[in-house]
Every structure is written in structure tokens, then in C-alpha cells.
Amino acid sequence: IRTFEELGLPEVMRDLADRDRGLVLLTGPTGSGKTTTLATMVDWINEYKELHIITIEDPVEFFHDSKNCMMNQRELGANTHSFANALRAALREDPDVILVGEMRDLETISLALTAAETGHLVFATLHTSSAAKTIDRIIDIFPAAQKTQVRSMLAESLEAVVAQKLLPKKDGTG
Numbered sequence: 002i003r004t005f006e007e008l009g010l011p012e013v014m015r016d017l018a019d020r021d022r023g024l025v026l027l028t029g030p031t032g033s034g035k036t037t038t039l040a041t042m043v044d045w046i047n048e049y050k051e052l053h054i055i056t057i058e059d060p061v062e063f064f065h066d067s068k069n070c071m072m073n074q075r076e077l078g079a080n081t082h083s084f085a086n087a088l089r090a091a092l093r094e095d096p097d098v099i100l101v102g103e104m105r106d107l108e109t110i111s112l113a114l115t116a117a118e119t120g121h122l123v124f125a126t127l128h129t130s131s132a133a134k135t136i137d138r139i140i141d142i143f144p145a146a147q148k149t150q151v152r153s154m155l156a157e158s159l160e161a162v163v164a165q166k167l168l169p170k171k172d173g174t175g
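Sequential numbering from 2 applies to the sequence shown in my numbering.
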């Protein structure tokens, strides 16, 4: 797993990994490096903090050995039937950090918001092209009667939306 420096990530990404609670969303098209960035953030937490981390992924792309943290990685299909089921189960295991590979449906989004609001640090991805579209997508998935509550939950728990896009290197080698 590559470091923040190896990936050329700004210091703010390390700052986000160092948060105690809240929701951190990474967005971007398929292949934009969201999973790699999240793996770096989780690896940094695993190296420098003593916490309980649960990842829920489809599939698990980066394997994390426990360093200073207790690591539990769950894979859709092999360990659970859905992100929502895995997230519901994870909340009963007293995690400090939860990585949700992708927020695809209303139930998963709702559980992730609740987890962030109740003191967990939650990392998740969405396939949107901008921070504004990410917020719209989250709010729009809920019925009209819940939109005000969801806006309030986001205002309380959202730490960052990072819209990521891979750019070619200056020298053209990658």
C-alpha cells in the first residue's frame, strides 16, 4: 500500500484520516483511484493509531494486516450479502473507523450517515463527478419527507467530499 507521499496526496488527506469522527466521501469515476486513496488513509490510521477498523468492500482490493489497529475486512459475497447488512453488523462490533466501499442505496447511505453522526469515522465512495453532485445524490435518494432530516445529518457529520480525478504525470510516463 502506497503512502500519501508516494501518491502525491495533499496534507489535507492525512488530516482527514486523523479525524476522530464524521463522514468523509471520495467521489469520482471508475478508475480514478478512490480505493487506492482510501487504502492509504486506512493504512496510515492502522500505522499511527490504536483503533478498531472495519472495511466493507466489493471486492477487497487491498489487504491490511493489523499493525496498531484491530483490522476486520469484509467482502460482499464472501462475508455478507450487502453493504447495508455488513454496515448494520459492523455497528454492533464497536468500530472506531468504518470504510464503506460504495454507498449504492438508500439503506447504506442512511446507515453510514447514522454511523458518522453517532461518533464513528466513516469513509465511503460514490460515483459522482463533483462534490455538489455528491450532496445532491445523497439527498435525492431519500423520500421528500426525509430530505430535511438528511440535510441536517449531513450538516452535522460531513467532514469532506473529495472529488478525485487522475491526471497524467508531467513527464507523460503515467
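For glycine and all other residues, C-beta sits at the position ideal for the given N, C-alpha and C.
- Comparing C-alpha distances from A161 to each of N86, M14 and D97 shows the shortest one belongs to M14.
- Around the beta carbon of H82, fewer than 16 other beta carbons lie within 10 angstroms, which makes this residue exposed.
- In this structure, the beta-carbon distance from L122 to T28 does not fall below 7 Å.
- Beta-bridge partners of G23 (DSSP): L122.
- By the CB criterion at 7 Å, G102 and I57 fall inside the cutoff.
- In the three-state DSSP reduction, E58 falls in the strand class (E or B).
- Using a Cβ distance threshold of 7 Å, M71 and H65 do not count as a contacting pair.
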